[in-house]
Structures are given as C-alpha cells and as structure tokens.
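One structure is given here, and the rest of the page talks about it.
There are 2 protein chains.
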Amino acid sequence: MPKQVDHGERRRQIGAAVCRLIATKGLDAVSLRHVAAEADVSMGRVQHYFATKDELLMFAFELISERVAARLGAVHSDDPATYLRAILLELLPLSPAARAEAPVLAAFLAQAVVEPRLGQPLREGNDEMVTWLAGMITAVRPGGDPRRDAMALLAFVDGLMLQVLIGQVTPAAAEDLVEHQLSRVLTCG
Amino acid sequence: MPKQVDHGERRRQIGAAVCRLIATKGLDAVSLRHVAAEADVSMGRVQHYFATKDELLMFAFELISERVAARLGAVHSDDPATYLRAILLELLPLSPAARAEAPVLAAFLAQAVVEPRLGQPLREGNDEMVTWLAGMITAVRPGGDPRRDAMALLAFVDGLMLQVLIGQVTPAAAEDLVEHQLSRVLTCG
DNA sequence: TGTTTTACGATGCGTTCGCATTGCAAAACG
DNA sequence: CGTTTTGCAATGCGAACGCATCGTAAAACA
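These protein sequence lines map, in sequence, to chains U and G.
When you read off a place in the first sequence, starting at 1, and then add 189, the result is the number in the numbering used here.
When you read off a place in the second sequence, starting at 1, and then add 189, the result is the number in the numbering used here.
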C-alpha cells in the first residue's frame, strides 16, 4: 500500500474546501468536481474519502459546527457579563474566522428548513446555547425568566448575523446593537 | 393567434409553483422540469413565459416579496403599540399564509449572502421596515434611539422566524417572546 | 376568408452531474 | 522478497440539467 496517510486530516482538508465553496458560491455550487478543484486534488480522491455527496456535505456541516464550537470554547472571562457579551459577539461575523464561517452556517441554516437531518443537530446546539446563556444571565441578574431572555438573545444574534452577512448592518453597528440589547436585558429585568 | 391570455397571471401561476417548490424542497430543487410538473404545465410553457431560469427565480423572489408586503399592508390598528406588535407577529410564520412564505424568504435570504442581486432589494425592504418600526416606537415611547431599537427588533424577529422554521421554537413560544421583547423595548427606554 | 401572430408542445443538443468501475504504483507486511 | 493491501487517478455511464429550435393549432386581424 502507499504511504499511510492521516485519514481524518485528508477528510478535513476536503471538507474545508467544501466550506470555502459554500461561503463564496453557495450550497448549490458544491459538486464533486468543484470541490476537487477547490481542494486542488483529483475527483477520485474526493470520492475515495467520501462515499457520497451527502456524506461530504454532512461532514462539512460537522466541520464548521466544530469550528464554531472551538471558537466559542476559546472565549473566557471571570466576569459573567463580560463573558456573556464576548460569546454573543463571537457568534457574529466580526473576526476573520467568524466571517469565513458565518456564510456557511447561514447556508446550512436555510437548508435545515427543508432538511430535517440538519435541523436536529442545530436544535441541540441551540438548546445548549440557551441553557448556557440562561445561566450567565442568572449569574448577572438573578430572577426573572432567564431562559426566555436567553432565547430572545439567541434569536437576536442569529438574525443580526444574517443582517451583517447581507450587508444590511455593519460590524460596528452590530457590536453596538449587541451592547445595547444586552444592557437592556441585564439592567431592566 | 390562440386565446389571448393574461400574461401576468400565467407568470404568477408559474412563480407560485416555484415558491411552493422552494418551500418544500429548497432552492436547489428548482429546475425547469420540476417547476413545470409542480405547476402542472408543460416545460415549454415555462420557457415561454421565462427566458431563463434566473429570470424565473428573480420573479419568484419578487412574488413572495409582494405577498409579504401585501400581508403587512393588510395589518391595521389605531393604537401604535398594538399596530407594532401585529406587524412583528405578521413577520413570523404563525398564520398559514406566513408559514407558506417564510421558508421561501429564508431560502432567498441565505442565497442573498452569496448573490448580491438579492441583497439589494432585501436591504431596501429592511430599511423601510426599520424606518416604520422606529416611527411606531417613537409614537409609543418618545425619545431614546428608536432606530437602534427598530434594528434590534427586526434582527430579533428575523432570527426568531428561522428558529420557528427549524422547529427550535414553537409558534406559541415565539408569540410570547415577541410580546416580552416588545414590552421591554417600549417600557424601559 | 386569408393572413398573421400568438401560445405553446415536442424534441434534441451539449453540458454537467453523482456515482461505479477499473487499473495501477507504492508501501506495509509476512 | 514476494504478496497483499492501500490510496488514489482515470474513465465511463446514465440521468438530469438549461436552453435552443421547430412545428402547429388556433384566434385575432385585415
């Protein structure tokens, strides 16, 4: 057999090419040939690592999910209010990394509307997020209905992400909106 | 020539089929043949009324935009607060009509991320909406930064629409969230 | 009534798609 | 050192795609 290669690494390289393609041309620009070209490998290699196109797309979805999770996991703060704000800002396409990932997330989010298999993991991720947010809200401002506020905040940043992506809201304005929205939730319980 | 036919009406029939297809199977399920089948007409007819697939999709986009605008235009109230709440709720997939249109909007919204030609009309519509919302907010609660609150509210309902569409939030919960969010904006300026 | 124009239906073309198949060089392994 | 297994590249296939072309029935118009 030829040189033993890191199977997972190769899959991640190809998956990254899929994400780049989705971010720049949209989900329907993803074809095996385009992916191969974007990853600068042969189409046979793509097929070697992914049995079907569906498997390829699912892997790309897991890949960006993990990337976003990693980015969120890298955020830290001892002050709950600061922590909370940092996480919300991390969900927006403000940093270069987030700007690369957000369009991909948006594409999969829209696809989830008509593809239940994407909806489930998204719901689970959101649920986790809501629980975490609610905990932080409680830490800053006990009482009220933290879970409701958490859901509202999450819907808010999700919508804001899209607005930034389509150029409706500038990154700076988005930051300001998050700040304002957060202060309202945290001060007038 | 054969029976003179209402050109616009035929285009709207086909455009409606496109919207139905997008709502149930997603944007990439839209092909001339599928559209023809969904509209129960021949493919030749579809081509007769739309020179290219792109023109067909653009028309479908204008069609749902007009439908949403019509739905919003049908909302009336003398009380600004009631009016404001009614409009926000109308943006969510709560009524059967809105439930049919929201998935189509979501699909085009995601497409707008990678297709500037969709982004422009969406931005204009959102801008109008923000201005209107800001006016209503001022009418209820003068002072503050009504435009900022309007943008925040719009981002919130946009995100909430998606959450409802992917089954993350029930229509009842969405209604409750809007109520709560609105009261916060209107009472603690 | 003849002519023209409209509204299609039908068919075909070239391309691209996902996927299956085949072949083979190279390294791991006994 | 030979065998086996792995990692691919190449090619081909049938289906579906957007779009162009052609033919024609029928109604409006002269």
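Using N, Cα and C, we set each Cβ at its ideal position, and we do this for glycine too.
All values reported here derive from a predicted model rather than from experimental measurement.
Going by Cα to Cα distance, which pick from the options is closest to residue i?
| i | options | result |
| --- | --- | --- |
| residue 297 of chain G | U/217, U/336, U/322 | U/217 |
| residue 228 of chain U | U/205, U/241, U/240 | U/205 |
| residue 215 of chain G | G/292, G/369, G/258, G/309 | G/292 |
| residue 222 of chain G | G/213, G/233, G/212 | G/233 |
| residue 311 of chain G | U/310, U/288, U/355 | U/355 |
| residue 368 of chain U | U/199, U/226, U/273 | U/273 |
| residue 213 of chain G | U/236, U/304, U/322, U/260 | U/304 |
| residue 252 of chain G | G/278, G/199, G/275, G/230 | G/199 |
| residue 333 of chain U | U/243, U/302, U/376, U/309 | U/376 |
| residue 258 of chain U | U/277, U/244, U/338, U/340 | U/277 |
| residue 361 of chain U | U/264, U/283, U/268 | U/283 |
| residue 327 of chain U | U/201, U/244, U/268 | U/268 |
| residue 325 of chain U | U/365, U/265, U/314 | U/265 |
At 9 Å on the CB atoms, spell out the chain G contacts of residue i, in chain order.
| i | result |
| --- | --- |
| residue 369 of chain U | 334, 337, 338, 341 |
| residue 276 of chain U | In chain order: nothing, as chain G lies at least about 16 Å away. |
| residue 351 of chain U | 298, 299, 301, 302, 344, 347, 348, 351 |
| residue 366 of chain U | 337, 340, 341, 344 |
Is residue i helix, strand or coil when you go by DSSP?
| i | result |
| --- | --- |
| residue 243 of chain U | helix |
| residue 327 of chain U | helix |
| residue 235 of chain G | helix |
| residue 372 of chain G | helix |
| residue 352 of chain G | helix |
| residue 198 of chain G | helix |
| residue 303 of chain U | coil |
| residue 359 of chain G | coil |
Would you mind telling me which residues of chain U sit closer than 7 Å to residue i, beta carbon to beta carbon, in chain order?
| i | result |
| --- | --- |
| residue 192 of chain G | Ordered by position in chain U, no residue passes the 7 Å Cβ test against residue 192 of chain G, which lies about 37 Å from the chain. |
| residue 354 of chain G | 302 |
| residue 357 of chain G | 312, 315 |
| residue 295 of chain G | 299, 302 |
| residue 197 of chain G | In chain order: nothing, as chain U lies at least about 28 Å away. |
| residue 149 of chain G | Any question about residue 149 of chain G goes unanswered here, given that chain G covers just 190 to 378. |
Which residues in chain G have a C-beta closer than 7 Å to the C-beta of residue i? List them in chain order.
| i | result |
| --- | --- |
| residue 345 of chain U | 341, 344, 345, 348 |
| residue 300 of chain U | 215 |
| residue 373 of chain U | 373, 377 |
Can you give me the C-alpha to C-alpha distance between residue i and residue j, rounded to a whole angstrom?
| i | j | result |
| --- | --- | --- |
| residue 238 of chain U | residue 270 of chain G | 57 Å |
| residue 154 of chain G | residue 210 of chain G | Examination of residue 154 of chain G is not possible in this model, given that chain G is present from 190 through 378 alone. |
| residue 307 of chain G | residue 300 of chain G | 7 Å |
| residue 249 of chain U | residue 207 of chain U | 6 Å |
| residue 197 of chain U | residue 294 of chain U | 22 Å |
| residue 352 of chain G | residue 344 of chain U | 7 Å |
| residue 246 of chain G | residue 226 of chain G | 16 Å |
| residue 342 of chain G | residue 194 of chain G | 44 Å |
| residue 321 of chain U | residue 347 of chain U | 16 Å |
| residue 318 of chain U | residue 280 of chain U | 11 Å |
| residue 389 of chain G | residue 285 of chain G | Here chain G covers residues 190 to 378 and nothing more, so residue 389 of chain G does not appear. |
| residue 349 of chain G | residue 323 of chain U | 17 Å |
| residue 242 of chain G | residue 363 of chain G | 36 Å |
| residue 314 of chain G | residue 335 of chain G | 18 Å |
Going along chain U, which residues have a C-beta under 8 Å from residue i?
| i | result |
| --- | --- |
| residue 292 of chain G | 302, 303 |
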